[in-house]
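Encoded as structure tokens, the structure appears first; notes follow it.
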Amino acid sequence: MLYAIFCYDSEKVTGAWSKEQDAAVMAKLGVVQEKLAKEGRLGPVARLMPTTTATTVRKGKEAVVLDGPFAETKEQLLGFYVIECPSLDDAVETARELGRASGSNGAFEIRPVMLFRPGALRA
Amino acid sequence: MTEIAWMDAALAAARPDALAALLRYFRDLDTAEEAFQEACLRALQNWPRNGPPRDPTGWLVFVGRNAALDGARRQGKARPLPADDVLSDLDDAEGRIADHLDDADYRDDVLRLLFVCCHPDLPATQQVALALRIVCGLSVAEIARAFLVGESAMEQRITRAKARVADAHIPFESPGAIERAERLAAVATTVYLIFNEGYSATGGAAHVRVPLCEEAIRLTRLLQRLFPSEPEVMGLAALLLLQHARTPARLDSDGAIIVLEDQDRGLWDRAAIAEGLALLDKAMRHARPGPYQVQAAIAALHARAPRPQDTDWAEIELLYGALEKMQPSPVVTLNRAVAVAQVRGPQAALAMIEPLAAQLSGYFHFFGVKGALLMRLGRTDESRDAFGRAIALAHTPAEAAHIRTQLDRLMRDAASRR
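Right under this line is the structure:
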């Protein structure tokens with residue numbers, strides 16, 4: 030079974046960390062990741078940029094583009110994509126296309142990735 | 008991370024929102040600050056024992072407010088507090104703490120707190136000091152060190168600023184849309200000043216001023232949280248991130264300035280650049296350009312060039328031209344001339360800056376640029392004069408040393424031609 034793990038924390042608090050504190054946390058996480066990688070159990074790892082960089086595309090006939098992260102308790106996180114795009118415009122267009130394909134309600138939050146490790150898992 | 012480090016980060020994160028809400032209750036900066044300090048002390052005793060609250064900010068506001076009211080009662084109201092009907096939201100504070108307070112609830116409070124510190128009646132030096140003390144929570148000693156002044160002088164500056172703010176009678180009602188926009192613009196200017204105060208510092212003292220840049224960036228994150236759809240706020244954040252990314256490459260081991268074209272671009276902070284570019288990208292989608300976005304776009308062109316010779320100077324010239332139209336100033340024209348020199352040569356650039364001589368007669372960079380242009384044109388004597396004026400106007404030893412290096416090169420070249 031494959032599991033996805035999503036990280037939630039208060040950005041105000043993590044944003045108040047010093048560079049050194051941040052690096053120390055990342056180093057400790059790196060140890061766990063390395064262990065998983067050695068066991069062949071690690072897939073893609075990503076650290077997203079702060080939510081200030083986020084854009085949300087509300088699905089629908091006329092998809093609406095909003096600044097900021099997706100924040101809604103009525104809907105839940107159901108999955109994620111990692112895509113390569115030359116600009117935010119293209120990413121928004123891709124999200125619109127996915128929205129048209131899915132045909133359902135909901136939203137996509139677009140967040141630039143800060144750190145990406147593709148990993149070596151096979152589907 | 009240790010528990011103490013976590014608590015410090017949590018208290019620092021809660022500070023602007025909590026202090027802003029306390030300022031609304033007490034309508035007095037000193038009382039609000041004391042209440043927040045007291046709440047932090049109680050948090051340090053209480054949180055390790057009982058675990059951190061679900062909503063640390065709400066907890067601090069509630070505890071701080073009660074502590075200040077108790078303190079005032081104990082002192083027999085030696086220092087009278089405003090009447091209860093003036094202290095808004097007294098009843099619902101307990102109710103609200105149960106819910107997790109939304110960022111939006113704090114928006115006007117935080118903007119008011121920022122605006123109090125960035126009040127246009129205050130001179131820029133006082134705005135910056137007050138914002139660092141109150142909003143960022145830096146100690147007087149830390150701020151004094153960053154500004155290279157004595158602690159008592161800085162204490163005085165902050166006290167004077169507080170007194171002036173108290174006299175300014177800033178209205179406590181929620182601001183209207185126009186007033187909100189005006190406050191935001193004033194706050195953005197102060198944040199930019201804080202950053203420049205840290206960034207323009209050079210030489211031996213530079214390392215102590217880096218925290219100013221980091222505080223300014225933190226403040227832009229706060230502004231973005233409050234105003235998620237303002238392209239100029241995104242632009243300001245992008246500008247600061249893109250400039251700050253160069254910090255590791257700006258000084259050599261002796262503390263001498265390394266100019267942009269000589270910097271080791273491998274030392275630039277790639278994560279900061281990526282975030283700055285992402286924010287600029289997001290801002291530009293709004294198609295509502297402004298001075299911060301244009302300056303960020305210029306910084307982005309430098310950040311995107313792998314080598315100095317890859318820099319898109321033609322585009323930079325266009326952007327400075329746009330900035331000149333938005334914010335006409337001789338300094339912007341001088342910067343455009345630097346780009347013109349790259350695109351069309353030193354003669355065209357020199358013709359552009361000569362009319363600025365009267366306005367910029369006391370400006371170090373004017374004579375630095377003029378000297379360099381004259382040097383490229385082989386007008387050695389005039390170039391030496393301009394460099395001489397620049398050295399006389401330099402603010403720091405590092406600025407003077409940078410011009411002296413150019414002067415040495417000028418004299419060497421002149422000697423070899425003879």
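From first to last, the protein sequence lines are chains A and B.
Just so you know, we're using this note's numbering here: the first sequence kicks off at 30 and counts up by one.
Just so you know, we're using this note's numbering here: the second sequence kicks off at 8 and counts up by one.
Virtual Cβ for every residue (Gly too), placed ideally from N, Cα, C.
Note that the structure is predicted; figures quoted are calculated from it, not measured.
For residue 117 of chain A, the residues of chain B that pass the 7 Å Cβ criterion are 288, 289 and 292, in the order they occur in the chain.
Inter-residue distance for residue 67 of chain B and residue 145 of chain B is about 19 Å (C-alpha atoms, whole angstroms). In this chain, residue 179 of chain B is not harboured by any beta strand (DSSP E), its DSSP state being neither H nor E.
Check the Cα spacing between residue 69 of chain B and each of B/368, B/58, B/44 and B/293: the tightest is with B/44.
Around the beta carbon of residue 106 of chain A, a 10 Å sphere encloses fewer than 16 other beta carbons of the protein chains shown; the residue is thus reported as exposed.
DSSP, read as helix, strand or coil, puts residue 258 of chain B in strand. With a contact defined as Cβ atoms closer than 8 Å, residue 200 of chain B and residue 142 of chain B miss out at about 13 Å.
The secondary-structure analysis by DSSP pairs residue 405 of chain B with nothing; it has no beta-bridge partner. Following the DSSP letters along the chain, one finds residue 11 of chain B inside the alpha helix (DSSP H) bounded by residues 10 to 33.
The residues 23, 24, 27, 229 and 233, in chain order, have a CB closer than 8 Å to that of residue 117 of chain B in the same chain once the five nearest residues on each side in sequence are set aside. Cβ atoms of residue 80 of chain A and residue 97 of chain A come within 8 Å of each other, at about 7 Å. Neighbours of residue 128 of chain A in chain B, taken as residues whose beta carbon is under 8 Å from its own, are absent, since the nearest beta carbon is some 17 Å off.
Look at residue 282 of chain B: its C-beta is under 8 Å from a C-beta on chain A.
Burial check for residue 36 of chain A: the Cβ neighbour count within 10 Å stays below 16, so the residue is exposed. Per DSSP, reduced to three states, the secondary structure at residue 314 of chain B is coil, with no helix or strand assignment. DSSP places residue 84 of chain A outside any alpha helix (DSSP H); the residue lies instead in the beta strand (DSSP E), whose first and last residues are 84 to 87. Contact with chain A is absent for residue 138 of chain B, since none of that chain's Cβ atoms lies less than 8 Å from the residue's Cβ.
When only Cα atoms are considered, residue 258 of chain B and residue 273 of chain B end up about 14 Å apart. Here the alpha carbon of residue 174 of chain B sits roughly 11 Å from the alpha carbon of residue 126 of chain B. Between residue 371 of chain B and the set B/322, B/400 and B/159, the nearest pair of CA atoms involves B/400. Runs of the beta strand (DSSP E) spanning 3 or more residues and lying entirely within the region 214 to 258 of chain B do not occur at all.
Between the alpha carbons of residue 279 of chain B and residue 108 of chain A lies a gap of roughly 28 Å. Annotated three-state conformation of residue 113 of chain A is coil, per DSSP.
In this structure, the beta-carbon distance from residue 121 of chain A to residue 93 of chain A does not fall below 8 Å.
The straight-line gap separating the alpha-carbon atoms of residue 276 of chain B and residue 307 of chain B is approximately 13 Å.
Residues are counted here when their Cβ sits less than 7 Å from a Cβ of chain A; for the region 11 to 43 of chain B these are 12, 16, 17, 19 and 20, given in chain order. Contact with chain A is absent for residue 119 of chain B, since none of that chain's Cβ atoms lies less than 8 Å from the residue's Cβ.
A distance below 6 Å between beta-carbons, with the five flanking residues on each side excluded, links residue 76 of chain A to the following residues of its chain, in chain order: 143 and 144.
For residue 35 of chain A, the secondary structure class from DSSP, reduced to helix, strand or coil, is coil. Judged by DSSP in its simplified three-state form, residue 93 of chain A adopts strand.
Chain order gives the chain B residues near residue 82 of chain A as 282, 285, 286 and 289, where near means a beta carbon separation below 8 Å.
Residue 190 of chain B is outside the set of residues whose beta carbon lies under 8 Å from a beta carbon in chain A. Of the residues B/184, B/289 and B/342, the one whose Cα lies closest to the Cα of residue 240 of chain B is B/289. DSSP places residue 99 of chain A outside both helix and strand once states are collapsed to three, so it counts as coil. Taken through DSSP and simplified to helix, strand or coil, residue 30 of chain A comes out as coil.
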